[in-house]
Each structure stands twice: as C-alpha cells, then as structure tokens.
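Residue numbers (my numbering): 662 to 851.
From the three backbone atoms N, C-alpha and C, an ideal C-beta is built for every residue, glycine too.
Only a predicted model underlies this, so the values are computations on that prediction, with no experimental measurement involved.
So this is what it looks like as structure tokens:
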C-alpha cells in the first residue's frame, strides 16, 4: 500500500463519500473505506473515531471561527462578531461538489443526521462560550449564536446552490433576512 500519497484525511473522506454513494452508508465498512483510499484500517482510526465521523472529521471550521472571533475588535456586538467569523468559512470549506454529495448522504442516513446535530450542538456551545469570554451575557450569547448559526446555514445553502454567489454576500443577505423577520415579530406597544 502506498502510505505516503499525502492528504490522508481528504483521501479517506472522499473514499467514504464515494462508497456511501455507491453502496450505501450501512453497507460500507471502515476496511472498505481504508482500502479505497489505499490505506490501512489503522490509518483510518488515526484520523477518525468511527465511520460516522469520516464526514465530520477535523475541527477546522470550529477552530477557524474561534480564531476569527479573536480577531474581531473588542466591543463589537455578538451577532456582528459571529458574522465576521463566519465570513472566513470558505478558507476551510471542502469543494462545493463534495459538500453537496456529503449533504445528500447525510440527509439519507439517520446515524449521520444524528452526528450532524451533535456536531452542531458542540459548535454552538463553543461559539456561545467564546462570546461570553468576550463579555456577552449568557442569554445574549446564546441567542446570537442560535440566530447566527441559522444565518450561516442559509448562507451556506445559497452559496452551494449558485456558484456565482459570494459567501460573504450570502451571509449579508441572510443577516438582512433575519433583521426583516425579527422586525416583523416585534409586538407593537401602545
């Protein structure tokens, strides 16, 4: 086996995605993924805890966001801080075609949907804690994180749907949509 081809994690992710597409998630084994990537099972387990994790591997996105939040000037509001951090997502996102195929595989497999939700909760907790360290009160940090992640999800969907869409533009559009929706929801007082 060629063990020094480089990009081990990426090869494993692509091999897993190909196999999940070809034969289904349930019928794919770690051994098959490793073999398709021209690696050993042992190499697989150096990178991922289990086969569910192969499509969620690495903390690149979370680390990118947390680092970017540190670069936002102090005193910036909670949601603008998150949106500035989210604008850096393209620096670590996989190629569009990989993300589209990944989304389809996840949507079709309950164990992967469950893992995605767990990862989202973990990301949410990390972002909320980072906002609190920046001085936000816990309720504001939680609400900003929930709203920000909704904007991020919609921006990512827009970005994936149209190759001409700039990610920062999609974020700005999502934030504007959020402002419009919340403005409608504010009850009028007499």
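Where residue 824 falls: helix, strand or coil (DSSP): If you number the chain shown from 1, residue 824 lands on position 163. Residue state, collapsed to three classes: coil.
Of the choices 766, 759 and 794, whose alpha-carbon is the least far from that of residue 684? Position 23 of the chain shown, counted from the first residue, corresponds to residue 684. Nearest of 766, 759 and 794 to residue 684, Cα basis: 766.
Assuming residue 700 and residue 673 form a contact by the criterion Cβ under 8 Å, report the distance between their Cβ atoms to the nearest whole angstrom. The sequence position of residue 700 within the chain shown is 39, counting from 1. The sequence position of residue 673 within the chain shown is 12, counting from 1. Contact between residue 700 and residue 673 holds, since their C-beta atoms are separated by about 7 Å, short of 8 Å.
Examine the Cβ distances between the stretch 752-764 and the stretch 797-811 and report whether three or more of them are shorter than 8 Å. no
Look at the alpha carbon of residue 775 and the alpha carbon of residue 844, and state the distance between them as a whole number of angstroms. For the purposes of this step, residue 775 is taken as the residue at position 114 of the chain shown. For the purposes of this step, residue 844 is taken as the residue at position 183 of the chain shown. Cα-Cα distance, rounded: 33 Å.
Apart from the five residues just before and just after residue 676, which ones in its own chain have a Cβ nearer than 6 Å to its Cβ? Walking along the chain shown from the start, residue 676 turns up at place 15. So the qualifying residues of the chain are 694, 697 and 698.
Using only the alpha-carbon positions, how far apart do residue 817 and residue 806 sit? Locating residue 817 in the chain shown gives position 156, where the first residue counts as 1. Locating residue 806 in the chain shown gives position 145, where the first residue counts as 1. So the alpha carbons of these two residues sit roughly 16 Å apart.
Proximity winner among 705, 681, 738 and 691, relative to residue 668 (alpha-carbon distances): On the chain shown, position 7 is the one that residue 668 refers to. Measuring from the Cα of residue 668, the nearest candidate turns out to be 705.
Hey, residue 751 and residue 681 are a contact pair by Cβ (cut 8 Å); roughly how many whole angstroms apart? On the chain shown, position 90 is the one that residue 751 refers to. On the chain shown, position 20 is the one that residue 681 refers to. Rounded to the nearest angstrom, the Cβ distance from residue 751 to residue 681 is 24 Å, too far for a contact under 8 Å.
Excluding the five sequence neighbours on either side, which residues of its own chain have a C-beta within less than 6 Å of the C-beta of residue 692, listed in chain order? For the purposes of this step, residue 692 is taken as residue 31 along the chain shown, with counting starting at 1. Excluding sequence neighbours, residue 692 sits near 702.
Delimiting residues of the alpha helix (DSSP H) encompassing residue 709: Stepping through the chain shown from its first residue, residue 709 is reached at position 48. It is not in any alpha helix (DSSP H) - residue 709 carries neither H nor E in the DSSP assignment.
Considering only residues of the same chain and omitting the five flanking positions on each side of residue 826, which have a CB-CB separation below 7 Å? As a position in the chain shown, residue 826 is number 165, starting the count at 1. 819 and 820, listed in sequence order.
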